[in-house]
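Following: one structure in structure tokens, then a few remarks.
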Amino acid sequence: MALIRPRFSSLACWMLLGALSSMAQAEDISLRLHGSNTIGARLGPDLLMAYARSKGFVGVKQSETSPQEFLIEGRRADGSQFNGVVRAHGTNTGFEDLKSGAADLWMASREAKAEEVRDARAIGNLHSADQEHVIALDGLAIIVHPDNPVSELSSDQIRDAFA
Numbered sequence: 166m167a168l169i170r171p172r173f174s175s176l177a178c179w180m181l182l183g184a185l186s187s188m189a190q191a192e193d194i195s196l197r198l199h200g201s202n203t204i205g206a207r208l209g210p211d212l213l214m215a216y217a218r219s220k221g222f223v224g225v226k227q228s229e230t231s232p233q234e235f236l237i238e239g240r241r242a243d244g245s246q247f248n249g250v251v252r253a254h255g256t257n258t259g260f261e262d263l264k265s266g267a268a269d270l271w272m273a274s275r276e277a278k279a280e281e282v283r284d285a286r287a288i289g290n291l292h293s294a295d296q297e298h299v300i301a302l303d304g305l306a307i308i309v310h311p312d313n314p315v316s317e318l319s320s321d322q323i324r325d326a327f328a
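The sequence shown runs 166 to 328 under the numbering used here.
Structural data, given as structure tokens:
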């Protein structure tokens, strides 16, 4: 009987350690979205908050840490934390951050340029269906005063005016 007890104690100890370690391994989620201020000013933080809630985080809140930068935080009952950062300083800066590893997701308000696709080959194909996801479309209305002598503009002229 003396031999059984130590084995049982060892087994119980290992089971307890296993249970405690699985409890201690609560899954934290951290996401960094960098790029377009068109997306990042409102839609980016809203999407991160909805994502955190969909993963079971509660008390999800947003705070502006500096101009065009937001922190999204939440927690679960198991102690795990959600930390999301949105840095909305423009599509170009977001691409550089993605390339350098400072961002997990790139918010772009335009299609990736051929040069960007080439420069990012090491981290993935930016035109691949599993890499590029359109989350919104933008529209533009050109309105001029009735006294303005311009009566019409071609798509190319409008594109050039905003390029």
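Quick reminder that beta carbons are idealized off the backbone N, C-alpha and C, glycines included.
Note that the structure is predicted; figures quoted are calculated from it, not measured.
Distance cut-off 8 Å: Leu302 Cβ against heavy atoms of the ligand NAP: Because no ligand of any kind appears in the structure shown, any question about the ligand NAP cannot be addressed here.
- request: Return the bridge partner residues of Asn290 from the DSSP annotation.
  value: Answer by DSSP bridge pairing: none, since Asn290 is not bridged.
- prompt: Is the beta carbon of Arg252 sitting closer than 9 Å to the one on Glu234?
  reply: yes
- prompt: If you run the structure through DSSP and keep just helix, strand and coil, what is Arg218?
  reply: helix
Three-state secondary structure assigned by DSSP to Ile204: helix
message: Is it the case that the stretch 239 to 246 contacts the stretch 259 to 268, given that we only count it when at least three CB pairs across the two stretches are under 8 Å?
response: no
- prompt: Given a threshold of 16 other Cβ atoms within 10 Å of its Cβ, counted over all protein chains shown, does Ser201 qualify as buried or as exposed?
  reply: buried
message: Could you tell me the alpha carbon to alpha carbon distance between Thr258 and Ala301, rounded to whole angstroms?
response: 20 Å
task: Output the distance between the C-alpha atoms of Val315 and Ala326, rounded to the nearest integer angstrom.
output: The alpha-carbon of Val315 is positioned some 14 Å away from that of Ala326.
task: Determine the DSSP secondary structure at Gln322, reduced to helix, strand or coil.
output: Residue state for Gln322 is assigned as helix, using DSSP reduced to three classes.
task: Could you tell me whether the stretch 225 to 233 touches the stretch 281 to 295, using the rule of 3 or more Cβ pairs below 8 Å?
output: no
query: What alpha helix (DSSP H) runs, 4 residues minimum, are completely inside the stretch 222 to 298?
result: 256 to 265, 279 to 284
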